Amino acid sequence: MIVKSGIRQGGILSRLLFNIYIDSLIIGLKSSGLGCHLRGLYVGCIAYADDLLLLSGSVTLLQKMLNVCSDHADQLDIRFNTKKSCLLHIGNSFTKKMENYLQMNGQDVCWFDKIKYLGVYIVSGKSFTVDVSNRIRKFYASANAITPHTVV
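If you read the sequence shown in our numbering, its first letter stands for residue 603, the second for the next number, and so on.
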């Protein structure tokens with residue numbers, strides 16, 4: 603497919619136009635009734651910039667959410683990169699081997715034991731766990747770089 607028009611990444615209008623696209627996607631997911639709710643608040647799709655996190659109580663409903671995303675992308679003539687998309691299992695049966703059978707745009711989306719989201723690692727497990735050890739290491743490295751060293 604040849605792209606004849608578009609917007610440059612980092613351009614002044616890029617964020618605004620992208621937000622319009624994503625806002626309509628989130629509204630579509632919310633109106634579908636799919637995804638998680640917390641005290642009546644829809645939390646089935648958490649978005650920050652171009653990072654989307656879909657939350658579902660079941661694999662079957664998650665596939666339906668992925669279908670909503672695919673259909674919405676087709677209508678807006680955008681594509682989700684399945685190579686950068688990840689599946690993570692959190693819950694009582696997290697040790698159960700998950701098969702790669704969820705798809706988006708006709709391509710498999712793979713399961714992982716750990717994913718990076720907004721600079722932190724979320725770990726598959728019985729409960730929600732975040733691994734921040736990498737962030738702590740980077741903090742100490744930065745602090746050591748600016749700390750004056752005295753020579754005795």
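All C-beta atoms in this analysis are idealised placements derived from N, C-alpha and C, irrespective of residue type, glycine included. On a predicted model such as this, the values are computed, not experimentally measured, just so you know.
Item: Buried/exposed call for Leu619, threshold 16 Cβ in 10 Å; Value: exposed
Item: Buried versus exposed, by CB contacts within 10 Å (16 or more), Val670; Value: buried
Item: Three-state secondary structure (DSSP) of Thr684; Value: coil
Item: Inter-stretch contact at 8 angstroms, needing at least 3 Cβ pairs: the stretch 637-647 / the stretch 657-670; Value: yes
Item: Best match in Asp652, Asp625, Lys666 for proximity to His634 [C-alpha to C-alpha]; Value: Per the sequence shown, residue 634 should be read as Ser rather than His. Answer by Cα proximity: Lys666.
Item: Same chain only: Cβ atoms within 8 angstroms of Gly637, ignoring 5 sequence neighbours per side; Value: Leu631, Tyr644, Val645, Gly646, Cys647, Leu656, Leu657, Ser658, Leu663, Met667
Item: Own chain partners of Phe714 with C-beta closer than 8 angstroms, once the 5 adjacent residues on each side are dropped; Value: Cys688, Leu689, Leu690, Ser726
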